Amino acid sequence: MIGRIHSIETFGTVDGPGIRFVLFMQGCALQCGYCHNPDTWDTSTGRKVTVEEILDEMEPYISYYKKSGGGITVTGGEPSLQAVFVAELFRECKKRFGLNTALDSSGFCEVGHEHVREMFEETDLVLLDLKMMDRDRHTLLTSQPNDRILRTARWLSDHGRPMWVRRVIVPGLTDTEDELVRLGSFIGSLDHVEKFELLPYHSMALYKWDLLQREYPLKDARTPTDEEMQAAQQIVDRARREAASRNAVHKN
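So for the sequence shown, the UniProt record's numbering puts the first residue at 1; every next one is plus one.
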């Protein structure tokens, strides 16, 4: 099985629990305005590798991953574009090393597709980005609507797949009260969300856009203040609690 990868990080600490081997896949169907890795978008580039080659690169570090409660995280780009490769890699990581597997995904995939479902079945934890709840504004931000993403989140919830849900806060764009209330309400309607994070926007990837000679669409955006992050968190938490309470009543 051949996959196309962008790069590898052997000691990742922010892409799931513990110390992790982080594999960046090549290719993405979204073009997010604040993407940190626009150089991963092109599906025709990247390094071709086999599952066995990735396992060989991981092997020297396995003891660190196990002792820290870590494992492997596959990110991108969008890993679901290479679902067959990811599923086989995860199966072999479990079989050979007994490692925890995490998938960092936009959720922009078809969960009705057999290969995508097989990938999720081999995934212990899904790191899911919910970039915008408003369909039209999501399209403006990422070039694609969010229908598939919301279906993916619902499927993961219905099928008992643990999730960490994340949202990047771009002041005036992804942190409007309506957006945050809708986000909190949606998360509150999901089961198996183990963690929720708001991440502050930053422009550290601007140099990559310059190197690729791409116009950076958020050049006027700024990093949110601590107060703005706290206010956003409070809005989401309140809406999430209210939605979870309503759902509990309906289930009973």
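Backbone N, C-alpha and C define an ideal beta-carbon position, used for all residues, glycine too. This structure is a prediction, so every number in the text was calculated from the model and none was measured.
Can you list the alpha helix (DSSP H) stretches of 4 or more residues lying completely in the region 88–122, in chain order?
114–121
Using CA atoms only, rank isn't needed, just tell me which of C28, E215, N100 and D136 is closest to M68.
It is worth fixing the name first, because residue 68 is Ser in this sequence and not Met. For the options C28, E215, N100 and D136, the alpha carbon positioned closest to that of S68 is the one of N100.
May I have the straight-line CA-CA distance separating G18 from K66, to the nearest angstrom?
8 Å
Out of curiosity, what's the CA-to-CA distance linking residue 294 and A243?
Only positions 1 to 252 of the chain appear in this structure, which leaves residue 294 out of reach.
Specify the secondary structure class of V170 as computed by DSSP and reduced to three states.
Coil, per DSSP.
Give the single residue among Q233, R161, S203 and Y64 whose Cα lies nearest to the Cα of R222.
Nearest Cα to R222 within the set Q233, R161, S203 and Y64: S203.
Exposed or buried, what is T75 when buried is set at 16 or more other beta-carbons lying within 10 Å of its beta-carbon?
With 16 or more neighbouring CB atoms inside 10 Å of its own CB, T75 falls in the buried class.
Between R20, L198 and D237, which has its C-alpha nearest residue 255's C-alpha?
With the chain running from 1 to 252 in the structure shown, residue 255 is simply not present.
Between which two residues does the beta strand (DSSP E) holding S7 run?
First-last of the beta strand (DSSP E) with S7: I2 to G12.
Taking C-beta to C-beta, are V51 and M119 nearer than 8 Å?
no
Could you pull the start and end residues of the alpha helix (DSSP H) that L206 belongs to?
Element bounds for L206: L206 to L211.
Taking only three categories from DSSP, how would you classify L199?
strand
Among A83, E78, P79 and K94, which residue has its Cα nearest to the Cα of G70?
K94
Given this structure, state the Cα-to-Cα distance separating Y216 from Q31, to the nearest angstrom.
11 Å
Give the secondary structure of T142 by DSSP, where H, G and I count as helix, E and B as strand, and everything else as coil.
Helix.
Apart from the five residues on each side of it in sequence, which residues of its chain come closer than 7 Å, Cβ to Cβ, to S157?
Residues of the same chain with a CB within less than 7 Å of the CB of S157, apart from the 5 flanking positions on each side, are L190, D191 and H192 in chain order.
Report yes or no: do the region 122–130 and the region 101–114 share at least 3 C-beta pairs separated by less than 8 Å?
The way I'd put it, the region 122–130 does touch the region 101–114; three or more beta-carbon pairs between them come closer than 8 Å.
In this structure, does DSSP put K131 in helix, strand or coil?
coil
Need the endpoints of the alpha helix (DSSP H) that R154 sits in, please.
D147 to D158
Give the single residue among T142, P224, K219 and A205 whose Cα lies nearest to the Cα of V170.
The shortest Cα separation from V170 among T142, P224, K219 and A205 belongs to P224.
I'd like the span of the alpha helix (DSSP H) that includes K67, first residue to last.
Per DSSP, the unbroken alpha helix (DSSP H) holding K67 starts and ends at I62 to K67.
Across which residues does DSSP place K48 in a beta bridge pair?
R4
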